[in-house]
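In mature numbering (1 follows the signal peptide of the UniProt record, and there is no 0), the protein residues as written are -30 to -1, 1 to 447. We treat Cβ as the ideally placed atom computed from N, Cα and C, and that holds for glycine. First comes the structure, then the notes that go with it.
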Amino acid sequence: MNSLGNKILSMNMVKVGMILIVLFVPDALADCPDEADLFITAPKKLEALSGSCLKIPCSFRLKDEQKFKSTRKIVGVWIKKDSRIVIYPNNVIYNSSGAVNIYPMSITGNLSQRDCTTLFSNLTTTYTDTYFFRVESEPFKATAHCDPLQITVRDISFQTTDSPWRPNITIPGDLKEKESVTITCSALTPCPHSPPQLTWNLQQDSHNKIEQNTDGSSTTKIQQNITLSDTHDGKKISCSARYPVNQGNDTKTAETEETLSVSYAPKDTSASISPSALVSAGSWVKLTCSSRAKPPVSNFTWFKKSRDGAVKVSEGEIYSFSVTDGGVYYCVATNDLGNQTSGEINVTVGVPGKQNNHSTLVLLLGGISGIILLICLIIFLWWLKSTRQTQQQTWIQRHEEQVGEGSANNTEKEEENIHYGEISFSKLAFEASSDSVQDRGQQQDTVYAQVKVNKTENSLTQRAHGQEELYAEVKKK
């Protein structure tokens, strides 16, 4: 009896366990019963922008093709939240027959060819939800319970800080100088009817093209081919995507930036000497080789020219040695991508003290040259000053001469204006007077007169005086 009771108890526990498993089965399994007759191929998750549209790439297949007749009328239905429309009939938001059109949706695909592609227009954040597709073609009716579609609408209104998706810049992994590479900037395009406009700093007015992905979604791309050089290393590439919203009346922009890392052989390789190229025998000099490269220079090699060709004398960035004789030196910088040779340095060995004498001579010649230039400058200034004084004196002399000539001309004009005249006085009519009798026996009197005439140029002043002056002298003959 005990064993029989244990068996019964065990069977009851198994039944309870099975019931619990059914009750707590995951939603995905609960929504995907074995008897599901419809399946769709579509992205599991899609994102869109508020004020824009969303293309839902979709195709469907049936578990039993015998149940479906493509020649019959086919109706596509979209359901939100819960696919059990028998329990939740109000979850139907769109019916291609026109019976229900709560959401602004339209099936653009050909249902008879199993194409359920749908365009979701004028999106708002309230449309963020889970959606299911259903096919009705009497007597066949089925819902794709196993293929829920999650749609998320981003709120990018001007009152929020949300922004569209940042574009993606694709750069090949290993960049080396002299190689030609293609750099791509791409952006999600949930609404191909109103795609984003891509721009970047690699090229103005780049051609935007829309490509369809394997899952049916769309992407907008721009590409640029460039031949790399060391100047591209560290260059920042920025790309922006400008999305039109609200039927193109507004735009929302997102931007991304990437930095190029280009490997190149040594550049700008140069050699320098310290203290100078002219040294005395026995003194120490230091030669330094510098270069820029990526990856960094792995080896510096020093060479000295000879009649038999270049001879390797040292390795390393710095080469120090005691000078015994002169020579021409140069260095070679090397990394994994190549090498570059520096310019030559001519090391000259001079007599001790000769260098100082040479410097002194140079300074002396420079001082003498400066003094000569100063003297020349003083002479030039003196000559310039003398020339100006001579010109001034000449001008004054000419002016005085002109004034003198003017005075002389005025005197001559005045002399020319003097007139002499002879005046004869007639005999007096009164013969009765005694004085008249005496005068008759005398000769006629002669009168000379000097008349001073005013000059025309001083007429205004002279007219103020009114009258001319008259001087007369009378002589009796």
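Going by DSSP, residue 254 is part of the beta strand (DSSP E) stretching over 254 to 264. If you compare the alpha carbons of 45, 36, 16 and 97 with that of residue 188, the shortest gap goes to 16. Beta-bridge partners assigned by DSSP to residue 214: 221.
Residue environment analysis places residue 58 among the exposed positions, since fewer than 16 neighbouring C-beta atoms fall within 10 angstroms of its C-beta.
For the pair of segments examined, the segment 86 to 102 was found to touch the segment 114 to 128: the number of CB pairs separated by less than 8 Å reaches three. Counting along the chain, residue 300 sits inside the beta strand (DSSP E) bounded by residues 297 to 305. Excluding its 5 nearest sequence neighbours in each direction, residue 289 has C-beta neighbours in its own chain below 6 Å: 257 and 272, listed in chain order.
Judged by their CB atoms, residue 303 and residue 270 are nearer to each other than the 7 Å cut-off. In this structure, the alpha-carbon of residue 109 lies about 47 Å from that of residue 220. In the structure shown, residue 314 adopts coil according to DSSP, grouped into three states. Looking at 144, 148 and 242, the one whose alpha-carbon comes closest to that of residue 316 is 242.
Only residues of its own chain outside the window of five on either side were considered, and among them 20 and 123 have a CB closer than 7 Å to the CB of residue 94, listed in chain order.
A contact is defined here as three or more CB-CB pairs under 8 Å, and the segment 61 to 81 fails this definition with respect to the segment 139 to 147. Judged by beta-carbon spacing, residue 274 lies beyond the 7 Å limit of residue 252, meaning their Cβ atoms are not closer than that value. Only residues of its own chain outside the window of five on either side were considered, and among them 21 have a CB closer than 6 Å to the CB of residue 216, listed in chain order. At least 7 Å separates the beta-carbon of residue 180 from that of residue 160. Comparing alpha-carbon positions, the option among 14, 27 and 6 lying closest to residue 186 turns out to be 27. In terms of CA proximity to residue 121, 91 leads the group 149, 106, 91 and 169. With distances taken between CA atoms, residue 240 lies nearest to 299 out of 67, 250, 293 and 299.
In summary, residue 357 is exposed, with fewer than 16 beta-carbon neighbours lying within 10 Å of its beta-carbon over all protein chains present. For residue 178, there is no enclosing beta strand (DSSP E), as DSSP marks it with neither H nor E.
Looking at 151, 198, 88 and 53, the one whose alpha-carbon comes closest to that of residue 29 is 88. Under DSSP, residue 338 shares a beta bridge with no residue. Within its own chain, the residues whose Cβ lies closer than 7 Å to the Cβ of residue 267, once the five positions on either side in sequence are excluded, are 236, 261, 303, 304 and 305, listed in chain order. Checking the DSSP bridge columns, you'll see residue 167 partnered with 212. Where residue 104 is concerned, the enclosing beta strand (DSSP E) starts and stops at 99 to 107.
Beta-carbon to beta-carbon, residue 208 and residue 254 are separated by about 52 Å, too far to satisfy the 8 Å threshold.
The segment 42 to 61 and the segment 6 to 16 do not touch, with fewer than 3 CB-CB distances between them shorter than 8 Å.
The alpha-carbon separation between residue 74 and residue 134 amounts to approximately 22 Å. DSSP, read as helix, strand or coil, puts residue 135 in coil. For residue 229, the closest C-alpha among the options 294, 144, 175 and 177 is that of 144. Contact annotation: residue 193 and residue 152 have beta-carbon atoms nearer than 7 Å. Taking 7 Å as the cut-off, the beta carbon of residue 191 is found closer than this to the beta carbon of residue 156. Pairing residue 233 with residue 307 gives a Cβ-Cβ distance under 7 Å. Annotated three-state conformation of residue 227 is strand, per DSSP.
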